[in-house]
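There are 2 protein chains.
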Amino acid sequence: MLYTVKISISLKEGMLDPEASAIRHALLNLGYETDDLRTTRVYTIRFNAADKNNASEKATKMCERLLANPVIHSYSIEVMG
Amino acid sequence: MLYTVKISISLKEGMLDPEASAIRHALLNLGYETDDLRTTRVYTIRFNAADKNNASEKATKMCERLLANPVIHSYSIEVMG
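Chains as they are written, first to last, in my numbering: chain A, -1 to 79; chain B, -1 to 79.
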């Protein structure tokens, strides 16, 4: 059965996020002062799996093997059904 | 008051997404066949605003002026409070 899975990948607490710094800087130049800015990458993937558990397991493997770098990233997986 | 706003930016339907294609290709090489893959960039921004409406307006301006390209992107804004 086809499942849609939402994988959210963000930098671990304390990791430098140069993209976030650049955006905060650009926003400040436009007159928008910000207190904090975090970037998250979300992949919405549709693929075949036996059941919801299997979909979640497959998504975990995709994160571990390709999408996330365990040293710097944390990720969360949401099986949308 | 400080508000946390979640801004999600994705490519409009039908726009080419080379990053998504590259990831699908890499996943296939690892043995994971996918039916579809979409990428979304989420910015979680904390900033001062008068009230919830003002926070939403400011976030819209940030999208229009910097974060999103209206020709190719669609965006959604969620004021988390």
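Yeah, the Cβ is synthetic: ideal placement off N, Cα and C, and Gly gets one too. Predicted model only: the values in this text are computed from it and were never measured.
For the beta strand (DSSP E) that contains residue i, what are its first and last residues?
{"i": "glutamate 76/A", "result": "71 to 77"}
{"i": "tyrosine 41/A", "result": "34 to 46"}
Do you know how far the Cα of residue j is from the Cα of residue i?
{"i": "alanine 57/B", "j": "aspartate 15/A", "result": "20 Å"}
{"i": "proline 68/B", "j": "glutamate 11/B", "result": "13 Å"}
{"i": "aspartate 49/B", "j": "threonine 38/A", "result": "25 Å"}
{"i": "arginine 22/B", "j": "leucine 26/A", "result": "36 Å"}
{"i": "arginine 36/A", "j": "phenylalanine 45/A", "result": "28 Å"}
{"i": "glycine 79/B", "j": "tyrosine 30/B", "result": "39 Å"}
{"i": "methionine -1/A", "j": "glutamate 76/A", "result": "16 Å"}
{"i": "aspartate 34/B", "j": "isoleucine 5/B", "result": "23 Å"}
{"i": "asparagine 51/B", "j": "alanine 20/B", "result": "39 Å"}
{"i": "leucine 28/A", "j": "leucine 28/B", "result": "44 Å"}
{"i": "arginine 63/B", "j": "lysine 59/A", "result": "38 Å"}
Could you spell out the range, first to last residue, of the alpha helix (DSSP H) harbouring residue i?
{"i": "asparagine 51/B", "result": "50 to 60"}
{"i": "leucine 25/B", "result": "16 to 27"}
So what's residue i in DSSP terms, helix, strand or just coil?
{"i": "leucine 9/A", "result": "strand"}
Going along the chain, which residues of its own chain have a beta-carbon closer than 8 Å to the beta-carbon of residue i, five neighbours each way excluded?
{"i": "isoleucine 7/B", "result": "Thr38, Arg39, Val40, Tyr41, Cys61, Leu65, Ala66, His71, Ser72 and Tyr73"}
{"i": "glutamate 17/A", "result": "Thr37"}
Near residue i, what residues of its chain come up, given a Cβ to Cβ distance below 6 Å and the 5 sequence neighbours on each side ignored?
{"i": "isoleucine 43/A", "result": "Val3"}
{"i": "alanine 47/A", "result": "Tyr1, Ala53 and Lys56"}
Less than 7 Å between C-beta atoms, sequence neighbours within five positions excluded: which residues of the same chain meet that for residue i?
{"i": "leucine 9/A", "result": "Asp15, Ile70 and His71"}
{"i": "threonine 32/A", "result": "Arg22 and Leu25"}
{"i": "methionine 13/B", "result": "Ile70"}
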